[in-house]
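> This is the structure, below, for whatever I ask next.
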Amino acid sequence: ESFWRILPHWKGTCLSLILKDGLFWTTMAIFIGIRIWLRLGSVPEFIILIANTDVTLIGGFLSFFVVYYVGECYGRFNAAYNLCMDAEGKIFDIATLAATNMPKESAQRLNRYLNAANIAAYTGLSLDYPHNTFFVELNKRNIFLTEEEHARMQEVGMHDGGSPFLELCTWAMNEIGAACRAGHITDPLLANTMGGLILGVRGALGGLFNAADQPIHFFYVHFISLLTLMYLPLVALSLSISAGAGNDVYWLADVVAGLTLILQDFYFIGLRLLGQNMTSPFGDDNEDLSVMHYVNFTWTMSNRILLSKFPKALDAGTEAEIMKNRVSVGHAWNGEKAQEPSIKVDPDEEVNHIDAKDD
Numbered sequence: 008e009s010f011w012r013i014l015p016h017w018k019g020t021c022l023s024l025i026l027k028d029g030l031f032w033t034t035m036a037i038f039i040g041i042r043i044w045l046r047l048g049s050v051p052e053f054i055i056l057i058a059n060t061d062v063t064l065i066g067g068f069l070s071f072f073v074v075y076y077v078g079e080c081y082g083r084f085n086a087a088y089n090l091c092m093d094a095e096g097k098i099f100d101i102a103t104l105a106a107t108n109m110p111k112e113s114a115q116r117l118n119r120y121l122n123a124a125n126i127a128a129y130t131g132l133s134l135d136y137p138h139n140t141f142f143v144e145l146n147k148r149n150i151f152l153t154e155e156e157h158a159r160m161q162e163v164g165m166h167d168g169g170s171p172f173l174e175l176c177t178w179a180m181n182e183i184g185a186a187c188r189a190g191h192i193t194d195p196l197l198a199n200t201m202g203g204l205i206l207g208v209r210g211a212l213g214g215l216f217n218a219a220d221q222p223i224h225f226f227y228v229h230f231i232s233l234l235t236l237m238y239l240p241l242v243a244l245s246l247s248i249s250a251g252a253g254n255d256v257y258w259l260a261d262v263v264a265g266l267t268l269i270l271q272d273f274y275f276i277g278l279r280l281l282g283q284n285m286t287s288p289f290g291d292d293n294e295d296l297s298v299m300h301y302v303n304f305t306w307t308m309s310n311r312i313l314l315s316k317f318p319k320a321l322d323a324g325t326e327a328e329i330m331k332n333r334v335s336v337g338h339a340w341n342g343e344k345a346q347e348p349s350i351k352v353d354p355d356e357e358v359n360h361i362d363a364k365d366d
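FYI, in the numbering used here the residues of the sequence shown are 8 to 366.
Now the structure itself:
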């Protein structure tokens with residue numbers, strides 16, 4: 008969207024959160040209260056000393072800490088997204104290999120277990136995706152697990168860390184082993200590749216739990232919150248006094264000082280709230296990762312891969328005819344035609360040229 012179409016938005020923006028933040032209204036109350044006092048009441052002499060206090064240096068240091076905090080939060084948020092996509096991509100790879108190398112029933116069972124592991128990881132990772140309203144409802148519709156298999160997952164504990172998805176990945180590995188023992192997979196390299204992809208799914212989902220187990224240090228989060236709480240009221244005080252007092256007051260100065268305070272509030276409070284929202288990428292905020300889309304898309308596309316219909320193989324003559332009639336990919340790759348010289352020389356001219364050299 009264009010710049011002017013972005014600005015009027017309300018949902019999913021910083022405005023809806025900043026205007027609910029108590030610190031924003033505290034600073035505005037300080038600014039408005041002091042401006043009324045300086046316009047209507049007597050002006051003490053110490054006000055001039057306070058007006059000369061420079062708080063911009065403090066703001067510079069605080070700006071560095073807040074921006075660094077948001078950068079760390081965004082890095083963790085983006086890493087979580089990459090892990091989700093890594094697990095999704097590996098499930099697609101496994102489905103592709105299973106569709107072409109395993110019996111249909113084994114491939115479908117393998118795909119069920121991996122998709123169930125994908126959903127179980129999110130169920131155990133965040134309370135915003137509870138077992139009863141997230142996993143159970145999806146399982147009723149898509150049947151990732153049978154009643155017996157689901158009962159085993161409940162026995163393991165759907166909200167007990169990553170135990171369910173780890174066991175489901177183990178079930179998937181067992182399917183590879185069973186296919187090898189049954190003679191469906193005879194190539195050791197293929198078996199190792201599929202097993203490595205399953206372990207890759209486990210590693211990607213496990214990385215989500217690793218990030219959740221080690222959040223950003225509370226010390227740093229508290230430090231940023233404390234500095235913001237101390238700095239912004241001080242800015243409100245300084246701007247309200249520097250706008251003028253007594254007979255030296257102007258409405259334009261009040262407006263400029265007020266807008267400057269609002270800008271400072273939006274910058275520091277907005278960045279702090281942005282960082283806080285990104286620290287939990289699997290919540291229910293508008294900015295959080297689209298877990299429901301991920302699991303539904305992975306299930307749908309992996310099943311479409313398994314249901315692929317393979318075309319009839321063409322004979323060598325038909326393939327050669329297709330190659331002959333298609334657009335050239337370059338002279339050097341045109342088969343026998345590539346051996347023909349790009350500049351044709353008349354044989355008689357070539358003989359005469361050789362005779363002239365002999366003379």
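Glycine included, C-beta positions come from ideal geometry on N, C-alpha and C. Keep in mind the model is a prediction, meaning the values are calculated, not measured.
For Thr130, count neighbouring C-beta atoms within 10 Å of its own C-beta (all shown protein chains included) and say buried if the count is 16 or more, exposed if not.
When all chains shown are included, Thr130 counts as buried.
> Looking at the secondary structure, which residues open and close the alpha helix (DSSP H) in which Asn217 lies?
Here the alpha helix (DSSP H) through Asn217 covers 195–220.
> Within 8 Å, do at least three Cβ pairs link the region 220–239 to the region 10–29?
Contact fails: fewer than three Cβ-Cβ distances are below 8 Å.
> Is Tyr120 a contact residue of the ligand GDP, with contact defined as CB to any heavy atom under 6 Å?
The ligand content of the structure shown is nil, which means the ligand GDP is not present either.
> Contact defined as beta carbons within less than 8 Å: I believe Leu121 pairs with Ala179. What is the distance between those atoms, to the nearest angstrom?
Contact flag correct, Cβ pair sits at about 5 Å.
> Enumerate in chain order the residues of its own chain whose CB-to-CB distance from Ala186 is below 7 Å, with the five nearest sequence positions on each side excluded.
Correct list, in chain order: Met109, Ser113, Ile192.
> Measure from the C-beta of Thr130 to each C-beta in chain D and report whether the shortest distance is under 7 Å.
Given the protein chain composition of this structure (a single chain), no chain D is represented.
> Which same chain residues, not among the five before or five after Ile25, have their C-beta less than 8 Å away from its C-beta?
Once the five neighbours on either side are set aside, the close Cβ partners of Ile25 are Phe31, Asp272, Phe273, Ile276, Gly277, Leu280.
> Considering only the beta carbon of each residue, do Ile37 and Ala243 sit closer than 7 Å?
Yes, the Cβ-Cβ distance between Ile37 and Ala243 is below 7 Å.
> The alpha helix (DSSP H) with Leu377 in it runs from where to where?
An answer regarding residue 377 cannot be provided, because it is not within the stretch 8 to 366 covered by the chain.
> To the nearest angstrom, how far is it from the Cα of Ile248 to the Cα of Val302?
Rounded to the nearest angstrom, the two C-alpha atoms are 56 Å apart.
> Assuming Ala127 and Ser309 make a contact with CB atoms under 8 Å, what is their CB distance in whole Å?
That pair is no contact at about 16 Å.
> Hey, out of Ala198, Leu173, Asn89, Ile150, whose CA is closest to Ala105's CA?
Ala105 has its Cα closest to that of Ala198, out of Ala198, Leu173, Asn89, Ile150.
> For Leu175 and Arg159, what's the separation of their Cα atoms in angstroms?
Taking the straight line from one Cα to the other gives about 10 Å.
> Are the Cβ atoms of Ala86 and Val208 separated by less than 7 Å?
No.
> By a C-beta neighbour count over all protein chains shown, 10 Å radius and 16 as the cutoff for buried, is Glu155 buried or exposed?
Result: exposed.
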